[in-house]
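Just so you know, we're using numbering that gives the first Met the number 0 here: the sequence shown kicks off at 0 and counts up by one. Glycine is no exception: its CB is placed at the ideal position from the N, C-alpha and C atoms. Accompanying notes for the structure given below.
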Amino acid sequence: MKAKLATGVTLLLISSVVFGATEVIHKEFTIGDRPCLVLDADPDHLIVESGDSGRIEIDIKVSPKGSYSVSTAHEPNKVTVELEPKGTWGLLLHNLRLQEIDVRVKVPEECDVVLLTRSGAVEVSGVGGEIRSRSRSTVGQVLRWVFRIGDID
C-alpha cells in the first residue's frame, strides 16, 4: 500500500512539472539616484544586467505555475525582492528540485546589488555598483574564498 502511494505521489509530482503551466511574474520599480537591489532567491538561473537609469525591472519565470510567491519592499533608493516556495506543494517541489525558476533583472548601471542565493547559476554583467553575494552552497563558499568575494553582514 505504501509503495502504491509513493508511486502515485511521484507520478503526480513528475506530471505537474512536465505538464504544468509556466508563470511569468513582471515587477518594475522607479528608483532614486543611488539604487540598491536586494534579491533573496533560489533560482536555477539568475541574470543581472544593466538597464535603464532610474528603474529596476524583474522578470521571474516559474514552472509549475503558482509554486512560488514573490514579496517586494520598495523604498526610494532600495528594492528588496524575496522568492519563497508557496505552501506545502511549493516547498515539496522546491526541496525535490522539481520546479524551474529563472530570474532576469535589469538595474541601472550604478546600482548596488546584494544577492542571497542557495544554488543555481548566477551571471552579473554591465553593473558598476557594489556587488555582494551570499550563497549557502558549498560551491559558493569556495568561490568566495578563492576570489575573495565579500560576504554581507
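Beta-bridge analysis with DSSP links Arg-131 to Val-113. Classified as buried, Ala-40 has 16 or more neighbouring CB atoms from the shown chains inside 10 Å of its CB. In this structure Cys-110 is in contact with Val-126, their Cβ atoms being roughly 6 angstroms apart against a cut-off of 8 angstroms. In the displayed model, Lys-85 falls within coil according to three-state DSSP, outside both helix and strand. Counting other Cβ atoms within 10 Å of its Cβ, Ser-52 stays below 16 and is therefore classed as exposed. Comparing alpha carbon positions, the residue from Ile-46, Ile-55, Glu-27 and Tyr-67 closest to Thr-87 is Tyr-67.
In the structure shown, Leu-38 adopts extended strand secondary structure according to DSSP, grouped into three states. For the set Leu-90, Gln-98, Leu-38 and Pro-63, the Cα lying nearest the Cα of Ile-57 is the one of Leu-38.
A direct Cα-Cα distance of roughly 30 angstroms separates Ala-20 from Thr-29. Collapsing the DSSP output to three states places Ala-72 in a strand. The three-state reading of DSSP puts Leu-91 in helix, counting H, G and I together. Counting along the chain, the unbroken beta strand (DSSP E) around Ile-59 starts and ends at 54 to 62. Between Leu-82 and Lys-1, the alpha-carbon positions lie close to 33 angstroms from each other.
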